[in-house]
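Input: a single structure, listed below in structure tokens.
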Amino acid sequence: MKEKILIVEDEKDIVKMLDYNLKKEGFRIFSVHDGEDAIDSANKEQPDLIILDLMLPGIDGLEVCKSLKNSNKTASIPIIMLTAKSQESDKVIGLELGADDYVTKPFSPRELIARIKAVLRRMKEKDRLPEVLKIGDLTIDFSKISVAIKGKPIELTSKEFELLKTLLNAKGRVLSRDYLLDNIWGFDHAMEIQTRTVDVHIQTLRKKLKNESKRIITVKNYGYRFEHED
Ligand code: CA
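Numbering (my numbering), first residue to last: 507 to 736.
Put into structure tokens, the structure is as follows:
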């Protein structure tokens with residue numbers, strides 16, 4: 507499934523231009539027009555990347571960046587800042603706050619798309635899990651799509667395996683039910699399949715993981731995370 511990108515920009519023409527060009531690249535796009543909505547949306551939607559204009563009404567872009575990078579739920583989401591030529595020093599502060607890259611206005615869609623792809627590629631390299639992962643009594647082999655407890659293979663359905671893999675990929679971050687639903691069951695099914703589906707699959711996955719099921723932690727009224735540490 508293509509990456510989900512959140513655009514934070516109050517200038518409608520720029521949003522329209524980005525929306526059109528990024529959708530053409532196959533990205534899933536949604537946009538907000540001020541800092542408060544940006545923080546809400548980033549938490550709720552868990553986008554794969556955020557394009558953040560620094561000049562926003564209300565909470566400005568730098569504050570948004572700081573807030574997102576200081577919260578466990580959003581710290582790992584990469585941010586590309588949109589800056590004006592006159593904002594040289596803001597750009598530096600933004601990078602220090604943890605933004606991943608910047609593009610100076612005016613920019614061409616092609617330039618921004620190249621930056622987006624580079625940042626997403628870097629993230630994937632950084633996040634790549636080893637082919638075989640050992641956690642406690644669990645051995646997860648991603649190339650063979652197999653899971654074993656104390657060396658004894660257990661049978662997971664493809665959805666249970668994907669669910670486990672998605673939780674592991676998040677490296678301890680909390681994932682919302684909606685996020686899991688989107689990423690495992692797909693956007694198109696979101697209407698028909700209730701978020702309850704996620705809970706049911708978590709239940710069966712926990713049963714199969716036996717003692718290690720304690721690692722799947724429920725975050726009430728939100729979602730789940732996987733505890734890697736003992
Ligand atoms: Ca702006």
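No residue lacks a Cβ here, since even glycine has one placed at the ideal position from N, Cα and C.
Keep in mind that this is a model prediction, so the values were computed, not measured.
Within 10 angstroms of its Cβ, does residue i collect 16 or more other Cβ (buried), or is it exposed?
i    : result
Y730 : buried
S595 : exposed
L635 : exposed
E589 : The question names Glu, yet the displayed sequence has Thr at residue 589. Buried.
R721 : buried
P563 : exposed
A544 : buried
According to the Cβ coordinates, are residue i and residue j closer than 8 Å?
i    : j    : result
V609 : I556 : no
G541 : E569 : yes
T703 : W691 : yes
L574 : G567 : no
I583 : A548 : yes
E741 : D607 : Because the chain is modelled from 507 through 736, residue 741 falls outside the range shown and cannot be assessed.
D546 : E509 : no
K665 : H707 : yes
L686 : T672 : yes
A676 : F732 : yes
L670 : V653 : yes
Apart from the five residues on each side of it in sequence, which residues of its chain come closer than 7 Å, Cβ to Cβ, to residue i?
i    : result
T724 : Y730
So if DSSP puts residue i in a beta bridge, which residue, or which two residues, is it bridged to?
i    : result
A654 : T645, P659
D559 : L588
L715 : For L715, which the question treats as bridged, DSSP gives no partner whatsoever.
R731 : I723
F536 : L512
Y685 : Answer is none; Y685 lacks a bridge partner.
Going straight from the alpha carbon of residue i to that of residue j, what length do you get?
i    : j    : result
G600 : M587 : 8 Å
I565 : K650 : 47 Å
K656 : E517 : 56 Å
F536 : D525 : 8 Å
A581 : E661 : 34 Å
Can you list, in chain order, the residues of its chain whose CB lies under 8 Å from that of residue i, leaving out five sequence neighbours each side?
i    : result
S682 : K550, Q552, Y728, G729
N578 : R679, V680
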